[in-house]
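Here is the structure we will look at.
Residue numbers (the working numbering), protein chains in the order written: chain A, 1 to 114; chain B, 115 to 226.
Right, dumping it as structure tokens:
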């Protein structure tokens, strides 16, 4: 009964390919996120969705396209993968504003572009 | 937007000693400050948090202090144990948005 689950956990792919990472949360949260963690361990927000609506879009290349079919799911599609996209991608979720924004992370998806 | 600075980037202590990690934030509207622990190969997990209406919070060997005037907050771990070895992240956010910003992380090593 993982609260925030994402698949796949490991992904090795060639430059130029298109890949997707899926995320689902069963916590009943209204907000979902994608964070990128690079080799230096920096945790950077990429996107934030509240009730399926995009509310944060950091300076992420438009090769990255999030999709939220409902508030329990937030998928990340990446086009034309580049070497620099290699990182760990964490999906996360939180309650709406009034509960203090505690964020719960998924287990991460290790993406390696070769 | 919010900018969170965290120091030190690495910290090595002897088992049983205390460890202190410090963070500063820039947005005076920030009022929620969680700390996350990330073990090798695992997800970041919340260990303690503090809201702006209190100055200190303790949970067994872990405590967090907040100085709103100076815009800084700290994590204190007492009687450290080898299993405390991990990367620790501070973060800050406000009730006005769903944007949580993280510090750069501190790699804590506790030597037996």
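C-beta atoms are modelled at their ideal positions from N, C-alpha and C, and glycine is treated no differently. Nothing here was measured: the structure is a model prediction, and the numbers come from that model.
query	result
Suppose you measure from the CA of residue 73 of chain A to the CA of residue 226 of chain B; what does that come to, to the nearest Å?	43 Å
Report the residues of the segment 179–204 of chain B with a CB closer than 8 Å to any CB of chain A, ordered along the chain.	201, 203
Specify, as a first and last residue, the run of the beta strand (DSSP E) that residue 165 of chain B falls within.	159–165
Would you report the Cα separation of residue 188 of chain B and residue 213 of chain B, rounded to the nearest angstrom?	21 Å
Rounding to the nearest angstrom, what Cα-Cα distance links residue 18 of chain A and residue 113 of chain A in this structure?	11 Å
Can we say the segment 82–91 of chain A touches the segment 36–50 of chain A, given the rule of at least three CB pairs closer than 8 Å?	yes
Pull up the distance between the alpha-carbon of residue 128 of chain B and that of residue 224 of chain B, whole angstroms please.	6 Å
Grouping DSSP H, G and I as helix and E and B as strand, with all else coil, what is residue 24 of chain A?	strand
On the three-state DSSP scale, how would you describe residue 83 of chain A?	helix
Among the residues of its own chain, which have a CB less than 8 Å from the CB of residue 174 of chain B, if the five just before and after it don't count?	none
Can you tell me the Cβ-Cβ gap for residue 106 of chain A and residue 23 of chain A, rounded? I've got them flagged as a contact below 8 Å.	6 Å
Compile a chain-ordered list of the residues in the segment 129–159 of chain B whose CB is closer than 9 Å to at least one CB of chain A.	145, 146, 148, 150, 152, 155, 156, 157, 158, 159
Residue 60 of chain A to residue 178 of chain B, Cα distance in whole Å?	33 Å
What residue range is occupied by the uninterrupted beta strand (DSSP E) comprising residue 148 of chain B?	146–152
Could you have a look at residue 75 of chain B and say whether DSSP puts it in helix, strand or coil?	Because chain B spans 115 through 226 in this model, residue 75 of chain B falls outside it and cannot be assessed.
Looking at the structure shown, is residue 98 of chain A part of a helix, part of a strand, or coil, going by DSSP?	Because the pLDDT at residue 98 of chain A is just 49, under 50, the model does not fix this residue reliably, and the point stays unresolved.
How would you call residue 10 of chain A, buried or exposed, if buried means at least 16 neighbouring beta carbons within 10 angstroms?	exposed
Count the other CB atoms, across all protein chains shown, that sit within 10 Å of the CB of residue 81 of chain A; report buried if there are 16 or more and exposed otherwise.	buried
So, with DSSP's three-state summary, where would you put residue 58 of chain A?	coil
Please check if any C-beta of chain B sits within less than 7 Å of the C-beta of residue 42 of chain A.	yes
Distance check for residue 164 of chain B and residue 203 of chain B, CA to CA, integer angstroms please.	14 Å
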